[in-house]
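Engineer:
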Amino acid sequence: MFLFRSPVFDRSSDTLRFHIPPSGTKGTVKVCVVTPDDRCHGNSIVTYRSQPSCTGIQPTVTWSSGGRKIYVQGSNLELVESVTVLPSNKVLKTQYSTSSGDVWFQSPPFDGHGLFRLLLNVGNFTVDCRYLFFESDPKFTGFTTLQVANDLQVNIQKNADMLNLRMNEVTVMGVHGDQLYQCVLEKIESYSVICKIKGESGAVTAVDSLTITVGNYVLGMSSTHSLFCLSPQNTPDHV
1 MFLFRSPVFD RSSDTLRFHI PPSGTKGTVK VCVVTPDDRC HGNSIVTYRS QPSCTGIQPT
61 VTWSSGGRKI YVQGSNLELV ESVTVLPSNK VLKTQYSTSS GDVWFQSPPF DGHGLFRLLL
121 NVGNFTVDCR YLFFESDPKF TGFTTLQVAN DLQVNIQKNA DMLNLRMNEV TVMGVHGDQL
181 YQCVLEKIES YSVICKIKGE SGAVTAVDSL TITVGNYVLG MSSTHSLFCL SPQNTPDHV
């Protein structure tokens, strides 16, 4: 029987924190609290498993304003506590998906283009992962509308980029007078985003302006093709 002792580095009236010592083998061990009289109190179980591995990330490119979900793929990812972005050493919180077994985090803002290395933080050691590339925010340049029965189809022009935007990453809202409408996305192509405002309570014939949200990036666009950037709230610190 092997005994390992690990010092307590943080404590309160009802909580103790300590680092679980490394083990050369997988399996379960019992953990107890040792008092100054060398008595062992409690009988908890800790399971040792193989360390996590990173086999890839999706997507591999994000926009400079940040806020894109980046999924980490690999094994034993439920053990990952956070992600470190190098060379800035910024630590990002992670979420674990029990359905897919993936870990995801939101990309931070970064001014400009750049390639950043990712490390997975597991206890007091790190696991090497992939590289994340930052490019400019998506560029939307204007929009046109087309009446389709009671609905209003909105065709938003954009510049081609490497982002490969997904349908669930883009939100479009239309304003006409004092009315706010959701524009339901139908298609994203290299040079356009197509959405439709449903005329469920009567025909929608026009919009005065659009608000396009992509992660932390928010853009206002008027029917006169004027563009105005809207500052998102609670934007995390830059890389």
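In full-length UniProt numbering, the protein residues as written are 1 to 239. Here a beta-carbon is modelled for each residue, glycine too, at the ideal position from N, C-alpha and C.
(1) What are the boundary residues of the beta strand (DSSP E) that D10 is part of?
(2) Measuring CB atoms only, is the stretch 120-135 touching the stretch 148-160, in the sense that at least three cross pairs come out at less than 8 Å?
(3) Decide if T55 is buried, meaning its Cβ has at least 16 other Cβ atoms within 10 Å, or exposed.
(4) Work out the CA separation of S209 and G220 for me, nearest whole Å.
(5) What residues are listed by DSSP as bridge partners for T15?
(6) Quick one: residues in its chain with C-beta nearer than 7 Å to the C-beta of L86, no 5 flanking neighbours on either side, listed in chain order?
(7) What is the DSSP secondary structure of E169, reduced to helix, strand or coil?
(8) Quick one: grab the DSSP three-state call for L132.
(9) Taking the CB atoms as reference points, tell me whether S53 and S75 lie closer together than 7 Å.
(10) Ordered along the chain, which non-local residues of its own chain (more than five positions away) have a Cβ less than 6 Å from that of L79?
(11) Starting from Q51, trace the beta strand (DSSP E) both ways and give me its first and last residue.
(12) Could you check the C-alpha separation between R166 and D14 for me, to the nearest Å?
(13) Leaving out five residues before and five after P7 in sequence, what residues of the same chain have Cβ atoms less than 7 Å from its Cβ?
(14) Nearest CA to the CA of N168: which residue from V184, N155 and D137?
(15) Quick one, which of V33, R39 and S82 has its alpha-carbon nearest I45's?
(16) Starting from the C-beta of V170, find all residues in its chain whose C-beta is less than 8 Å away, skip the five residues before and the five after it, and write them out in chain order.
Structural biologist: With the structure as the only source:
(1) Looking at the DSSP string, the run of the beta strand (DSSP E) that includes D10 is V8 to R11.
(2) Pairwise C-beta distances place the stretch 120-135 out of contact with the stretch 148-160, as fewer than three of them are shorter than 8 Å.
(3) In the assembly as shown, T55 is an exposed residue. Its beta-carbon has fewer than 16 other beta-carbons within 10 Å.
(4) If you take the alpha carbons of G220 and S209, they lie about 7 Å apart.
(5) For T15, which the question treats as bridged, DSSP gives no partner whatsoever.
(6) In chain order, F116, R117 and L119 place their CB closer than 7 Å to the CB of L86, counting only its own chain and leaving out the 5 sequence neighbours on each side.
(7) The answer is helix: DSSP assigns E169 an H, G or I state.
(8) In the three-state DSSP reduction, L132 falls in the strand class (E or B).
(9) Result yes, Cβ atoms of S53 and S75 sit closer than 7 Å.
(10) Within the same chain, L79 has close Cβ partners P52 and V122.
(11) Neither: Q51 is in no beta strand (DSSP E) and is coded neither H nor E.
(12) Roughly 46 Å between the two C-alpha positions.
(13) Counting only Cβ-Cβ distances below 7 Å, and skipping sequence neighbours, we find F18.
(14) Of V184, N155 and D137, the smallest CA-CA separation from N168 is found for V184.
(15) For the residues V33, R39 and S82, the minimum Cα distance to I45 belongs to V33.
(16) The answer, listed in chain order, is L185, I188, V193, I212, T213 and V214.
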